[in-house]
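Undergrad:
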Amino acid sequence: MPEVKRIGLIGLSAKGSWASQSHLPYLQQTSHYKVTALQNSSKASAEAAAIEYSLSDVAAYAEPSAIASDSNVDIVAVIVNVPEHYHLTKPAIEAGKDVFVEWPLGRNLAEAEELTQLAKKKGIKTMIGLQARQNPSIIKAKEIVESGKLGRILTTTMFGHGTVFGSTIHEGFLYGLPVEAGANLLTIPFGHAVDALCYVLGEMEDISASLANLRPELDLIGQDGKPARRVSKTAHDHVSITGQLLNGGGIVSVTYAGGESRSNRDFVWEIIGTEGTLILEGPRMGGHVQMYQPTIKIAASDTSPALYGETPHAKQELEVVKVETAAHASFNVGRAWDAWAGVGLDKGNSVTTFEDALLRHKMIDAIYRSAETGKKENYV
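If you're matching positions, the sequence shown starts at 22 in our numbering and goes up one per residue.
Rendered as structure tokens:
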């Protein structure tokens, strides 16, 4: 029987949060982990969360140094807004605790590099919240590509809406307005999706990127659901990149736009090989592949295509690929925690570490550089 790991959660709010929607449902039912401590902006807030979610016998803290030094904590889980990741994570690493941090690891590449190097120096275990890799549809796509069923990958195109930065914004995401906060369309929905792409197909080279802030002002929606005032942003709401796969040279194109689709196409990803094509399509808000599960369809190659001037052959029927259903928001997160506990690795699960996060931060930094200089940039 594996040892039960004791977790100190940073960011569990009694009023509801990502931590309460995704991590907590899994952690409260698993036999591999136990929540033993909470840390919020105040001790009272941590105590309120403990009461709200029936977490008995947990310590409550207001400072990251306090939860980091708790001898009853093995793993510190940082589940808060991106701008807070660095200063909440560093004390835990310095104390020699194993650490989980939501993606992105930091506001920028410099913060991610420092935390990764410090964790390596301390010899601790790390995990980053790039849980799209645990999405059953992404795992299945990787399995199909690696089986050779599609042949050599020629090209792939991904398009998604990131939900954030449409024409309006809610108070809870005001922290994402400045580009330097590192919490935006590029880093979060695009970052999760492009990480899934690289997980399935491999890394890229020669990236050319375009970024735009097409809506520099947004309507802030008040508690009554009506526009309260206009707010300005410097974060980008459109990202488009092209590049080539390192392991064979297939052409990659990825575009993410702000807001939601008017045509019910929040996520479409097509992978075209010499022998077949794979299509992944997401539901509403499906541009967040770390949360929502796309469907998968496959088309085998037509071995006798019509010649020029002839009547085209009938289009093939796309075959639906059956995959395990991710029934709730905590599914992918739970699979990630399972992988860290050494459970479910036979199902394609893998532990995504700070080193994986650092590579993705380097990619995002290359995208910023390319958009600024107009030149191709590399990150590997």
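The C-beta atom is built at its ideal place from N, Cα and C for all residues, glycine as well.
Within 8 Å, do at least three Cβ pairs link the region 279–290 to the region 299–315?
TA: At 8 Å Cβ cutoff, the stretches touch.
Undergrad: Return the residue from the list Lys161, Gly294, Phe375 that minimises the CA-CA distance to Thr110.
TA: Residue numbering aside, residue 110 sits at position 89 when the sequence shown is read from its first letter. The shortest C-alpha separation from Thr110 is found at Phe375.
Undergrad: Beta-carbon within less than 6 Å of Pro46's beta-carbon, same chain only, minus the 5 sequence neighbours each way: which residues are those?
TA: In the sequence shown, counting from the first residue as 1, residue 46 sits at position 25. Result list for Pro46: Ser351, in chain order.
Undergrad: Measuring CB to CB, does Phe186 end up less than 8 Å from Ala256?
TA: On the sequence shown, position 165 is the one that residue 186 refers to. On the sequence shown, position 235 is the one that residue 256 refers to. Taking 8 Å as the Cβ cut-off, Phe186 and Ala256 qualify as a contacting pair.
Undergrad: Which word fits Ser34, buried or exposed, when buried means at least 16 other C-beta atoms lie within 10 angstroms of its C-beta?
TA: By 1-based counting over the sequence shown, the position of residue 34 is 13. The residue in question, Ser34, is buried, as its Cβ has 16 or more Cβ neighbours within 10 Å.
Undergrad: Tell me which residues share the same chain as Val79 and place their Cβ nearer than 7 Å to its Cβ, disregarding the 5 neighbours each side in the sequence.
TA: Numbered from 1 along the sequence shown, position 58 holds the residue referred to as residue 79. So the list reads Val56, Thr57, Ala58, Leu59, Ala71, once near-sequence residues are dropped.
Undergrad: Output yes if chain D places a C-beta closer than 8 Å to the C-beta of Lys170; else output no.
TA: As a matter of chain content, chain D is missing from the structure shown, which is built from one protein chain.
Undergrad: Would you mind giving the Cβ-Cβ distance between Leu198 and Val252, rounded to the nearest angstrom? I have them listed as a contact below 8 Å.
TA: As a first step, residue 198 is located in the sequence shown; it is residue number 177 there, counting from the start. As a first step, residue 252 is located in the sequence shown; it is residue number 231 there, counting from the start. Sure, about 6 Å apart at Cβ, within 8 Å.
Undergrad: In its own chain, which residues sit with a C-beta less than 8 Å from the C-beta of Glu84, not counting the 5 before and 5 after it?
TA: Locating residue 84 in the sequence shown gives position 63, where the first residue counts as 1. For Glu84, where only same-chain residues beyond five positions count, the Cβ hits under 8 Å are Gln60.
Undergrad: Just the C-alpha distance for Leu267 and Asp91, rounded to the nearest angstrom, thanks.
TA: Counting from one through the sequence shown, the residue named residue 267 turns up at place 246. Counting from one through the sequence shown, the residue named residue 91 turns up at place 70. C-alpha separation (whole angstroms): 44 Å.
Undergrad: So, helix, strand or coil for Gln265, using DSSP?
TA: Along the sequence shown, one-based indexing puts residue 265 at 244. Reduced to three states, the DSSP call for Gln265 is strand.
Undergrad: Please say whether Ile228 and Asp377 have beta carbons closer to each other than 8 Å?
TA: Here residue 377 corresponds to residue number 356 of the sequence shown, with the count starting at 1. Here residue 228 corresponds to residue number 207 of the sequence shown, with the count starting at 1. Going by C-beta atoms, Asp377 is not nearer than 8 Å to Ile228.
Undergrad: Assuming contact is defined by CB atoms lying nearer than 8 Å, are His106 and Val122 in contact in what I supplied?
TA: Your numbering for residue 106 matches position 85 in the sequence shown. Your numbering for residue 122 matches position 101 in the sequence shown. Cβ distance < 8 Å, so His106 and Val122 count as in contact.
Undergrad: Suppose you measure from the CA of Ile31 to the CA of Gly172; what does that come to, to the nearest Å?
TA: What you label residue 31 is simply residue 10 of the sequence shown in a count that begins at 1. What you label residue 172 is simply residue 151 of the sequence shown in a count that begins at 1. In a straight line, the C-alpha of Ile31 is about 45 Å away from that of Gly172.
Undergrad: Do Ser158 and Ile293 have their beta-carbon atoms positioned less than 8 Å apart in this structure?
TA: For the purposes of this step, residue 293 is taken as the residue at position 272 of the sequence shown. For the purposes of this step, residue 158 is taken as the residue at position 137 of the sequence shown. No, the pair does not count as a contact, with Cβ atoms beyond the cut-off.
Undergrad: Report the residue ranges of all alpha helix (DSSP H) runs contained in full by the region 231–295; include only those spanning at least 4 residues, in chain order.
TA: Listed in chain order, there is nothing to give.
Undergrad: Judging by CA-CA distance, which residue of Tyr196, Gln155, Thr184 is the nearest neighbour of His259?
TA: Here residue 259 refers to the residue found at position 238 when the sequence shown is read from its first residue. When each option's Cα is compared against that of His259, the closest is Thr184.
Undergrad: By how many angstroms is the C-alpha of Ile388 removed from the C-alpha of Gly363?
TA: Your numbering for residue 363 matches position 342 in the sequence shown. Your numbering for residue 388 matches position 367 in the sequence shown. Whole-angstrom Cα-Cα distance: 34 Å.
Undergrad: Taking only three categories from DSSP, how would you classify Asp377?
TA: Indexing the sequence shown from 1 puts residue 377 at position 356. DSSP places Asp377 in helix when its eight states are reduced to three.
Undergrad: In three-state DSSP terms, what is Ala357?
TA: Here residue 357 corresponds to residue number 336 of the sequence shown, with the count starting at 1. Of the three classes helix, strand and coil, the one that applies to Ala357 here is helix, per DSSP.
Undergrad: Please name the residue, chosen from His382, Ala98, Val310, Val99, that lies closest to His349 on a Cα-to-Cα basis.
TA: Residue 349 sits at position 328 when you count from the first residue of the sequence shown. Nearest C-alpha to His349: Val310.
Undergrad: Could you check if Ala65 is buried or exposed, using at least 16 other CB atoms within 10 Å of its CB as the buried criterion?
TA: Taking the sequence shown and counting its residues from 1, one reaches residue 65 at position 44. Flag for Ala65 reads exposed.
Undergrad: If you check the beta carbons only, do Lys163 and Val221 fall under 8 Å apart?
TA: Residue mapping note: residue 163 aligns to position 142 of the sequence shown, counting from 1. Residue mapping note: residue 221 aligns to position 200 of the sequence shown, counting from 1. Yes; because the gap between Cβ atoms is below 8 Å, this pair is in contact.
Undergrad: With distances taken Cα to Cα, identify the nearest neighbour of Gly181 among Ala278, Trp358, Met384.
TA: If you number the sequence shown from 1, residue 181 lands on position 160. Gly181 has its Cα closest to that of Ala278, out of Ala278, Trp358, Met384.
Undergrad: Just checking my contact of Asn156 with Ala392 at CB under 8 Å: how many whole Å lie between their CB atoms?
TA: Your numbering for residue 156 matches position 135 in the sequence shown. Your numbering for residue 392 matches position 371 in the sequence shown. Not a contact, Cβ separation roughly 28 Å.
Undergrad: Using a threshold of 8 Å, state whether the C-beta atoms of Leu299 and Ile165 are closer than that.
TA: Sequence index remark: in the sequence shown, residue 299 carries index 278 (1-based). Sequence index remark: in the sequence shown, residue 165 carries index 144 (1-based). Their beta carbons are under 8 Å apart, which means Leu299 touches Ile165 by this criterion.
Undergrad: How long is the line joining the alpha carbons of Leu151 and His213, rounded to whole angstroms?
TA: Position 130 of the sequence shown, counting from 1, holds the residue named residue 151. Position 192 of the sequence shown, counting from 1, holds the residue named residue 213. Roughly 6 Å separates the two Cα atoms.
Undergrad: In three-state terms, what does DSSP make of Asp119?
TA: As a working mapping, residue 119 is identified with position 98 in the sequence shown. Strand, per DSSP.
Undergrad: Ignore the nearest five residues each way along the sequence and tell me which others in Ala69's own chain have a CB closer than 6 Å to its CB.
TA: Position 48 of the sequence shown holds residue 69. For Ala69, where only same-chain residues beyond five positions count, the Cβ hits under 6 Å are Ala35.
Undergrad: Classify Thr208: buried if its beta carbon has 16 or more other beta carbons within 10 angstroms, exposed otherwise.
TA: Residue mapping note: residue 208 aligns to position 187 of the sequence shown, counting from 1. Buried, because 16 or more other Cβ atoms sit within 10 Å of the Cβ of Thr208.
Undergrad: Quick check: what's the CA-CA separation for Thr263 versus Arg390?
TA: Taking the first residue of the sequence shown as position 1, residue 263 is located at position 242. Taking the first residue of the sequence shown as position 1, residue 390 is located at position 369. Going by the C-alpha atoms only, they are around 14 Å apart.
Undergrad: Based on Cα-Cα distance, which residue from Ser86, Val97, Tyr74 lies nearest to Ile28?
TA: Taking the first residue of the sequence shown as 1, we reach residue 28 at position 7. Among Ser86, Val97, Tyr74, the Cα nearest to that of Ile28 belongs to Val97.
Undergrad: For Glu470 and Leu126, I'd like the C-alpha separation in whole angstroms.
TA: The structure shown does not extend to residue 470, since the chain spans only 22 to 401, so no value can be given for it.
Undergrad: Which runs of the beta strand (DSSP E) fall wholly inside the region 114–188 and span at least 3 residues, in chain order?
TA: With a minimum length of 3 residues, the continuous beta strand (DSSP E) runs that stay inside the region 114–188 are 119–123, 147–150, 174–182.
Undergrad: Could you tell me the alpha carbon to alpha carbon distance between Val101 and Ala40, rounded to whole angstroms?
TA: Within the sequence shown, residue 101 is the residue found at index 80, counting from 1. Within the sequence shown, residue 40 is the residue found at index 19, counting from 1. Taking the straight line from one Cα to the other gives about 8 Å.
Undergrad: Nearest CA to the CA of Ile114: which residue from Glu398, Asp359, Leu301, Ala87?
TA: Against the sequence shown, residue 114 aligns to sequence position 93. Looking at the Cα atoms, Ala87 is the closest of the given residues.
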